[in-house]
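Top line first, the protein sequences correspond to chains A and B.
The first sequence begins at 1 in my numbering and counts up by one.
The second sequence begins at 1001 in my numbering and counts up by one.
Glycine included, C-beta positions come from ideal geometry on N, C-alpha and C.
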Amino acid sequence: MSLSSASNIAKSGLNTVSAETSFLSRNVTGASDTATYSRKIANVISSLDGSRVASVTRASNLAVFGNLLGATSASATQNAISAGLDTLNQTVGDVSSSSSSTTSNSTSPAALLSNFTNALQSYEASPSSVTLANSAVFAAATLAQGLNSAAATVNQVREQADSGIAASVQTINSLLAQFQTVNAQIVGGTATSADVTDLQDSRDNILSQLAQQIGITTTIGANGDMSIYTDSGVTLFQGGAARSVTFSSTHTYTAATSGNAVYADGIPITGSSAAMPIANGTIAGLATLRDSLSVTYQAQLDGIAGALINAFSETDQAAPGPDLPGLFTTQGATSLPTSTTGLAGQITVNPSVDPSQGGNALLLRDGGISDTANSDYTYNTTGDASYTARLSQLLAKLSATQTYSASGGITTSANLSDYAAASVSWLEAQRSNVSSQSNYQSTLLSTAGTALSNATGVNINDEMSKMLDLENSYSATAKLLTTIDGMFSMLMTDLGNLA
Amino acid sequence: MTSYISTQSISSSMRQSILKMQAELAASQTELSTGTYADIGQTLGSRTGDSLSLQTQSSLLQTITETNQTVATRLDTTQTILGSLQSNAQDLLNSLIESNGSNSNAGTIQASGESNLQSLISSLNSTLGGDYIFSGTNTSNQAITNYFGPAAPNKAAVDSAFTAAFGMAQTSAGVSAISASSMQTFLDTAFAPLFQGANWAAGWSSASSQTLTNRISESQTVDTSVSANNPAFQQLAQAYTMIADLGTQNLSSPAYQTVTTVARNLLTSAISSLIDLQAGVGLVQSDTNDATNQMSLQMNILSTQIGNLESVNPYEITTRVTDLQTQIETSYSLTAQLQQLSLIKYL
């Protein structure tokens, strides 16, 4: 052992401490970084020649990170559905009873139907009153408009979901492109043993953004190369190349429109035709909203509209002719609708009975709304001012059991008022379920986030105490150098004296 | 093993729980001020429809209760008119019985027959809110043609029948020569048919025989008017016309007696029919009243049920709000303390 080797060891110690301090500063700066910054650990090895930083690793926990990705996707699914259902809930409005003494403020078809029934009931009690006839027709028009705007809201929700999917697909493709670059750098860096920890952090960051949009699973190869698959197993990124996710968006939705599927690597991942449908992520949520929930609700609204048109249809009083649409009809209809699809958006009050369109509201009592020129459809043949038979018949039909399409997902046989109420129940049950799911998933997400942060994050106090250690170590090494220096000087002085 | 916690998770856990509690506090405040759940639909879920159905039912009952007011007013008016018609008829019948066929006060009797006919016509033409209540469903038209009006078809029919039978007008002094038997024949064969069937519809009545029907409860539909085509009114009109317009003041005593006898029989029968009508209307009145009372009870029950579904317990909410306030305050002070608890402060 020589003094110079002691000096070299002390020098290496100084280098090691500086290197460690630099990692420590990176950690402290990263502590408040909300993105996935992970703690950097300098691996120091000591040998006869002193100590050195052999490599740097980052604190990581693949299992916990996987959980976080899963929770992120699941939570994003529920949030997407929840936002859509909240928009659909506008069609129901305020359901509290405090505002409803006889007329409810609620905008739901159920409440509007109730208002209309009441108006008709009042009119039946005083059939000679033009005022009551007008108000019954007005209530009918409000009901038709309520159904129109509910149908429009459903289409709007579907349009928004469609453009949401388009935006999401765009995000995924751009994230995959970024991922490709970062992944290539990691693979290259790993081969040359460079410090790739920050790149790994950035790759994790991309993954968690990707998980927002679509449920994913990942695998890591030996050289640090990562592959990404959807949660249904379709490849998104493999062998260093991103696969393209494609979607062609539909801008305008009607009841008959069905949106396009999303394709990943050429395979459909949403929609009923998909063999490998994704389970989670914003795309999955929006697709469920667009293709399933909204469509079902639309079918319910159409069912209500269809039942209304049927209940108020007029029968030929003279000869066995066809039944014609009466108070409720669709624009320009000359016969009863054969399919209910889209009726909620088209239903309107027949102009011949609507005073605001120049019609005669008293036709509600007399019949003949369908064709004012054809007296065969007039019920009140004697023109009596207090003829109630038709009104009583209408009220009876309104509360009679009708059949509805099974695509409404609720009962197929009920009276109109019960069906409309069941539709509200259905919507609120969905909202309630999704809301509790959403709460549950966001709790899971926050737990997973905390777990990951604890596993890989930075504790400033810990870093500070480490800094104290490093400081001490630095001053001790410096002291060592001074001492060695002193010893050398002493040696030199002594050597001089000798000479 | 030492557990590790990151600085990030210390602060974020506190932040998240404060956010959550603040959201709960806002919801609780809404609930306190409205008395119902902050988001009824979300809280009730699939039972929201039940609440709506109850509201629908309750508002329908409220509507029927209101329309029952209209019905009750019509029934009350009908009942009053029937009562006065019955007492008028009874008065005339009493006078006829008192005079016992003597034509000494024929002039007085004739005058009261005339005034009774007038009051019958005006009573049957009563309106309520612009509707002729005895017109059946044809409420836009007068029920009975005014016998004393200009060119009245019912008066013309009586006049021509009289002239055809006796060859003179009722006002002629020659009516004293009409025999009791020919008067009887005239009354039975020519006069009586004027008050029945097609002649009644042509000369007297524009009313529809179809009476008004109303729904007085969710399940009960009842007839709520009396048509002027009811036989009671036909008999009354016949009896009054007979006394008022067959020249009774100039008739011979036997012919006069024939007229009064027929009139007495008609009045007796009409009065008994009127009493039946009154009883029928009275029954509907009490049905309507019962239905309204029943619906009021039902509405109370319904509103209790709606309340059970939608209302919150204010005491529970108040307690929750207090708890939340305490928790949030604790969180705030903890956050402030944790902020102080950093090694940096001591270096």
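Quiz prompt | Nearest-angstrom Cα separation, counted from A:GLN121 out to A:SER392 | solution = By 1-based counting over the first sequence, the position of residue 392 of chain A is 392. By 1-based counting over the first sequence, the position of residue 121 of chain A is 121. Approximately 9 Å between the Cα atoms of the pair.
Self-check item: Contact check, A:SER73 vs A:ALA307, beta carbons under 9 Å
Solution: Against the first sequence, residue 73 of chain A aligns to sequence position 73. Against the first sequence, residue 307 of chain A aligns to sequence position 307. The Cβ atoms of A:SER73 and A:ALA307 do not sit closer than 9 Å to each other.
Quiz item: Between which two residues does the alpha helix (DSSP H) harbouring B:ASP1245 extend?
Solution: In the second sequence, counting from the first residue as 1, residue 1245 of chain B sits at position 245. From DSSP, the alpha helix (DSSP H) with B:ASP1245 extends over 1231 to 1245.
Exercise. For A:ASN415, verify whether its CB is less than 8 Å away from any heavy atom of the ligand GDP.
Key: Although the ligand GDP was asked about, the structure shown includes no ligands whatsoever.
Quiz item: Mind checking B:TYR1315: buried by the 16 CB within 10 Å criterion, or exposed?
Solution: Along the second sequence, read from residue 1 onward, the residue named residue 1315 of chain B stands at position 315. With fewer than 16 neighbouring CB atoms inside 10 Å of its own CB, B:TYR1315 falls in the exposed class.
Exercise. In angstroms with no decimal places, state the Cα-to-Cα distance between B:TRP1200 and B:ASN1141.
Key: Translated into positions along the second sequence, residue 1200 of chain B becomes position 200. Translated into positions along the second sequence, residue 1141 of chain B becomes position 141. Between the C-alpha atoms of B:TRP1200 and B:ASN1141 there is a straight-line separation of about 16 Å.
Quiz item: Under the three-state reduction of DSSP, which class applies to B:TYR989: helix, strand or coil?
Solution: Since the first and last residues shown for chain B are 1001 and 1347, residue 989 of chain B lies out of range.
Quiz prompt | CB contact check: B:ASN1214 to chain A, cutoff 9 Å | solution = Within the second sequence, numbered from 1, the residue matching residue 1214 of chain B stands at position 214. So yes, B:ASN1214 belongs to the interface.
Practice problem: Quick one: list the residues of chain B neighbouring A:ASN461, beta-carbon separation under 9 Å, in chain order. | Solution: Within the first sequence, numbered from 1, the residue matching residue 461 of chain A stands at position 461. Residues of chain B passing the Cβ test: THR1007, LEU1341, SER1342, LEU1343, ILE1344.
Exercise. Give, in chain order, every unbroken run of the alpha helix (DSSP H) that is at least 4 residues long and sits entirely within the region 59 to 107 of chain A.
Key: Runs of alpha helix (DSSP H) with 4 or more residues, each lying fully within the region 59 to 107 of chain A, are found at 62 to 88, listed in chain order.
Practice problem: Just tell me which of A:LEU395, A:PHE138, A:ILE460 has its CA closest to the CA of A:SER313. | Solution: On the first sequence, residue 313 of chain A is found 313 positions in, with the first residue counted as 1. Nearest option by C-alpha distance: A:LEU395.
Quiz prompt | Three-way DSSP call (helix, strand, coil) for A:PHE237 in this model | solution = To locate residue 237 of chain A, count along the first sequence from 1; it is residue 237. If DSSP states are grouped into helix, strand and coil, A:PHE237 belongs with the strands.
Quiz item: Would you say the region 1072 to 1082 of chain B touches the region 1270 to 1281 of chain B, given that touching needs at least three Cβ pairs under 8 Å?
Solution: Of all C-beta pairs linking the region 1072 to 1082 of chain B to the region 1270 to 1281 of chain B, three or more are shorter than 8 Å, placing the two stretches in contact.
Quiz prompt | Pairwise C-alpha distance: B:GLN1327 and A:ALA125 | solution = Here residue 125 of chain A refers to the residue found at position 125 when the first sequence is read from its first residue. Here residue 1327 of chain B refers to the residue found at position 327 when the second sequence is read from its first residue. CA-to-CA, the gap between A:ALA125 and B:GLN1327 works out to about 59 Å.
Practice problem: Starting from A:ASN43, follow the beta strand (DSSP E) in both directions and report where the run begins and ends. | Solution: Position 43 of the first sequence, counted from the first residue, corresponds to residue 43 of chain A. Start and end: 40 to 47.
Quiz item: Going by Cα to Cα distance, which pick from A:GLY326, A:SER438, A:SER375, A:GLY303 is closest to A:THR401?
Solution: One-based indexing of the first sequence puts residue 401 of chain A at position 401. A:GLY303 is the residue among A:GLY326, A:SER438, A:SER375, A:GLY303 whose C-alpha sits nearest the C-alpha of A:THR401.
Quiz item: In chain B, what lies closer than 8 Å to A:TYR297 by C-beta?
Solution: As a working mapping, residue 297 of chain A is identified with position 297 in the first sequence. The contacting residues do not exist; A:TYR297 stays about 14 Å from chain B at best.
Practice problem: Note down the Cα distance separating B:GLN1110 from B:ALA1244, rounded to an integer number of angstroms. | Solution: For the purposes of this step, residue 1110 of chain B is taken as residue 110 along the second sequence, with counting starting at 1. For the purposes of this step, residue 1244 of chain B is taken as residue 244 along the second sequence, with counting starting at 1. Looking at the two C-alpha atoms, the distance is approximately 5 Å.
Quiz item: Do B:GLN1055 and A:SER258 have their C-beta atoms within less than 9 Å of each other?
Solution: Residue numbering aside, residue 1055 of chain B sits at position 55 when the second sequence is read from its first letter. Residue numbering aside, residue 258 of chain A sits at position 258 when the first sequence is read from its first letter. Inclusion of B:GLN1055 and A:SER258 in the CB contact set at 9 Å is not warranted, their separation being larger than that value.
Quiz item: Cα-Cα, which of B:VAL1262, B:LEU1236, B:ASN1230, B:THR1224 is closest to B:VAL1284?
Solution: Taking the first residue of the second sequence as position 1, residue 1284 of chain B is located at position 284. Comparing Cα-Cα distances from B:VAL1284 to each of B:VAL1262, B:LEU1236, B:ASN1230, B:THR1224, the minimum goes to B:THR1224.
Practice problem: Would you kindly check if the distance between the Cβ of B:SER1342 and the Cβ of A:ASN461 is under 9 Å? | Solution: In the first sequence, counting from the first residue as 1, residue 461 of chain A sits at position 461. In the second sequence, counting from the first residue as 1, residue 1342 of chain B sits at position 342. Yes; because the gap between Cβ atoms is below 9 Å, this pair is in contact.
Quiz item: Got a sec: is the Cβ-Cβ distance from A:THR197 to anything in chain B below 9 Å?
Solution: Taking the first sequence and counting its residues from 1, one reaches residue 197 of chain A at position 197. Cβ-Cβ to chain B under 9 Å: no for A:THR197.
Self-check item: CB contact flag (A:SER375, A:THR382, <9 Å)
Solution: Counting from 1 along the first sequence, the entry for residue 375 of chain A is found at position 375. Counting from 1 along the first sequence, the entry for residue 382 of chain A is found at position 382. Note that the C-beta distance between A:SER375 and A:THR382 is not below 9 Å.
Self-check item: First through last residue of the alpha helix (DSSP H) which encompasses B:GLN1055
Solution: The count along the second sequence starts at 1 and reaches residue 1055 of chain B at position 55. Judged by DSSP secondary structure, B:GLN1055 falls within the alpha helix (DSSP H) whose first and last residues are 1048 to 1099.
Exercise. With a threshold of 16 other CB atoms inside 10 Å of the CB of A:SER100, please say whether the residue is buried or exposed.
Key: Counted from its first residue, the first sequence places residue 100 of chain A at position 100. Annotation note: pLDDT 44 at A:SER100 (below 50); position unreliable, coordinate value reported separately. For A:SER100, the number of other beta carbons within 10 angstroms of its own is at least 16, and it is reported as buried.
Quiz item: Does any residue of chain B bring its CB to less than 9 Å from the CB of A:ASP84?
Solution: Mapped onto the first sequence, residue 84 of chain A falls at position 84. The sequence shown places Gly at residue 84 of chain A, rather than the Asp named in the question. Not an interface residue.
Quiz item: In chain order, what residues of the same chain lie with their CB nearer than 6 Å to the CB of A:PRO268, ignoring the 5 residues before and after it?
Solution: Taking the first sequence and counting its residues from 1, the one referred to as residue 268 of chain A is at position 268. Excluding positions up to five away in sequence, the list reads ALA261, ALA274.
Exercise. Could you pull the start and end residues of the beta strand (DSSP E) that A:SER227 belongs to?
Key: Within the first sequence, the letter at position 227 stands for residue 227 of chain A. 226 to 230 is the extent of the beta strand (DSSP E) around A:SER227.
Quiz item: Looking only at its own chain, which residues have a Cβ that is under 7 Å from the Cβ of A:ASN27, when we skip the five neighbours before and after it?
Solution: The sequence position of residue 27 of chain A within the first sequence is 27, counting from 1. Around A:ASN27, the same chain offers ARG39, LYS40, VAL458, GLU463 as residues with beta carbons nearer than 7 Å, after the five sequence neighbours per side are excluded.
Quiz prompt | Residue(s) in a DSSP beta bridge with A:THR219 | solution = Walking along the first sequence from the start, residue 219 of chain A turns up at place 219. Note: A:THR219 sits in a beta bridge opposite A:SER227.
Quiz prompt | Where A:ASP485 falls: helix, strand or coil (DSSP) | solution = Looking up residue 485 of chain A in the first sequence gives position 485. Helix.
Exercise. Look at the alpha carbon of A:ASN61 and the alpha carbon of A:SER46, and state the distance between them as a whole number of angstroms.
Key: Mapped onto the first sequence, residue 61 of chain A falls at position 61. Mapped onto the first sequence, residue 46 of chain A falls at position 46. Near 27 Å, if we compare the C-alpha coordinates of A:SER46 and A:ASN61.
Quiz item: Just the Cα atoms here: how many angstroms apart are A:GLY326 and A:LEU364?
Solution: Stepping through the first sequence from its first residue, residue 326 of chain A is reached at position 326. Stepping through the first sequence from its first residue, residue 364 of chain A is reached at position 364. Rounded to whole angstroms, A:GLY326 to A:LEU364 spans 9 Å at the Cα level.
Self-check item: Classification of A:VAL353 by the beta-carbon crowding that lies within 10 angstroms, buried from 16 upward
Solution: Numbered from 1 along the first sequence, position 353 holds the residue referred to as residue 353 of chain A. Burial call: buried.
Quiz item: Below 9 Å between beta carbons: does that hold for A:VAL434 and A:LEU85?
Solution: Along the first sequence, read from residue 1 onward, the residue named residue 434 of chain A stands at position 434. Along the first sequence, read from residue 1 onward, the residue named residue 85 of chain A stands at position 85. Going by C-beta atoms, A:VAL434 is nearer than 9 Å to A:LEU85.
Self-check item: B:GLN1210 - DSSP class collapsed to helix/strand/coil
Solution: Here residue 1210 of chain B corresponds to residue number 210 of the second sequence, with the count starting at 1. The answer is coil: DSSP assigns B:GLN1210 none of H, G, I, E or B.
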